[in-house]
Amino acid sequence: MKSQVYSGVHDSPVAQLALADADQTRQLGISLSSQAKPGDFIGLIGELGAGKTTMMQGVVAAIDDSDRWQATSPTYALMQVYETRPPIFHIDLYRLEGWSDLESIGYWDAVESGRGISCVEWLNRIPGAWPGRGLIVELERNANRRVARLWADDDWAQRIESLELSSPDQSANRELS
Ligand SMILES: Nc1ncnc2c1ncn2[C@@H]1O[C@H](COP(=O)(O)OP(=O)(O)OP(=O)(O)O)[C@@H](O)[C@H]1O
Ligand SMILES: [Mg+2]
Numbered sequence: 027m028k029s030q031v032y033s034g035v036h037d038s039p040v041a042q043l044a045l046a047d048a049d050q051t052r053q054l055g056i057s058l059s060s061q062a063k064p065g066d067f068i069g070l071i072g073e074l075g076a077g078k079t080t081m082m083q084g085v086v087a088a089i090d091d092s093d094r095w096q097a098t099s100p101t102y103a104l105m106q107v108y109e110t111r112p113p114i115f116h117i118d119l120y121r122l123e124g125w126s127d128l129e130s131i132g133y134w135d136a137v138e139s140g141r142g143i144s145c146v147e148w149l150n151r152i153p154g155a156w157p158g159r160g161l162i163v164e165l166e167r168n169a170n171r172r173v174a175r176l177w178a179d180d181d182w183a184q185r186i187e188s189l190e191l192s193s194p195d196q197s198a199n200r201e202l203s
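In this text, residue positions in the sequence shown follow my numbering: the first is 27, and each later residue adds one.
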């Protein structure tokens, strides 16, 4: 990921961790949502099957444990609103053509409302969808391992620091650094 494309994020990832299985991807979502508040923006970047929706399941489950809301790929709905507290706007840019489509799905209304946490899969599909503040989770899937890199603005960098994120698989983490 080129950090220059996303104004306001630090030049290098504030954290990088190995995700040994889907549970750890979900756990990352749980950890991040413990720091999230209304008005926040979280972008997700990663190829097909990288784990974006899996991470979202963790985000949603940590905010609402009632099982009423299940994160699924909002590919057809483009935006799903989970009326949790705070609400979560789960958006997928995969099928959008360009910047002008954002208006028609109510993208900026959601992102700028301050009412909920906006989580955007395929953020990199549309230059200009980045609001200039927030957190970007880059999920990378290689042949034999998965890695998450967290790119943050100043505000999120502090929050990530307080999380002391680490994967239980310490040896994998050492390999990454
Ligand atoms: N760290 C991991 N290790 C192994 N498998 C994982 C890991 N994280 C997620 N998975 C699995 O990868 C598969 C794809 O995950 P997911 O649907 O979340 O990807 P996605 O990025 O949302 O893909 P798409 O862009 O197609 O919507 C799921 O079966 C999920 O359980
Ligand atoms: Mg998905």
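Positions of the beta carbon are idealized from the N, C-alpha and C atoms, including for glycine.
Could you tell me whether the stretch 58-69 touches the stretch 134-148, where touching means 3 or more Cβ pairs closer than 8 Å?
Contact between the stretch 58-69 and the stretch 134-148 is present, because at least three Cβ pairs lie under 8 Å.
Taking the C-alpha atoms as reference points, what is the distance between G124 and Q184?
For the purposes of this step, residue 124 is taken as residue 98 along the sequence shown, with counting starting at 1. For the purposes of this step, residue 184 is taken as residue 158 along the sequence shown, with counting starting at 1. C-alpha separation (whole angstroms): 32 Å.
Contact set for V262: own chain, Cβ-Cβ below 7 Å, skip 5 residues either direction:
Outside the modelled stretch of the chain, which goes from 27 to 203, sits residue 262, for which no answer is possible.
Looking at ligand 4, does it come within less than 8 Å of E166, judged from the CB to the closest heavy atom?
Of the ligands one can find in the structure shown, namely ligand 1 and ligand 2, none is ligand 4.
Where does M81 fall in DSSP's three states?
Residue 81 sits at position 55 when you count from the first residue of the sequence shown. DSSP places M81 in helix when its eight states are reduced to three.
Can you list, in chain order, every residue whose CB sits closer than 6 Å to a heavy atom of ligand 1?
Selection output, chain order preserved: L45, D47, A48, Q50, T51, G72, L74, G75, A76, G77, K78, T79, T80, S99 and R172.
In this structure, does DSSP put A208 in helix, strand or coil?
Nothing in the structure corresponds to residue 208, since the chain is present only between 27 and 203.
Taking 8 Å as the line, does the beta carbon of D37 fall inside it for any heavy atom of ligand 2?
Within the sequence shown, the letter at position 11 stands for residue 37. No - ligand 2 has no heavy atom lying nearer than 8 Å to the Cβ of D37.
Inter-residue spacing [alpha-carbon to alpha-carbon] between W95 and I89:
Locating residue 95 in the sequence shown gives position 69, counting from the first residue. Locating residue 89 in the sequence shown gives position 63, counting from the first residue. Each residue's CA atom was taken as its position, placing W95 and I89 some 10 Å apart.
Which word fits K28, buried or exposed, when buried means at least 16 other C-beta atoms lie within 10 angstroms of its C-beta?
For this step, residue 28 is matched to residue 2 along the sequence shown. Exposed, since its Cβ has fewer than 16 Cβ neighbours within 10 Å.
Other residues of its chain near N150: CB distance less than 6 Å, five sequence neighbours each side excluded:
Here residue 150 refers to the residue found at position 124 of the sequence shown. Excluding its 5 nearest sequence neighbours in each direction, N150 has C-beta neighbours in its own chain below 6 Å: I71, listed in chain order.
First and last residue of the beta strand (DSSP E) that includes P179?
Working through the sequence shown from its first residue, we reach residue 179 at position 153. According to the sequence displayed, residue 179 carries Asp and not Pro. For D179, no beta strand (DSSP E) encloses it, and the DSSP letter there is neither H nor E.
Determine the burial state of V35: buried for a count of at least 16 other Cβ atoms within 10 Å of its Cβ, exposed for fewer.
The residue given as residue 35 occupies position 9 in the sequence shown. So V35 ends up on the buried side.
3 or more residues per run - each beta strand (DSSP E) lying fully within the stretch 102-137:
The stretch 102-137 contains these whole beta strand (DSSP E) runs: 105-108 and 114-118.
Classify S29 as helix, strand or coil using the three-state DSSP reduction.
As a working mapping, residue 29 is identified with position 3 in the sequence shown. Three-state DSSP puts S29 in a helix.
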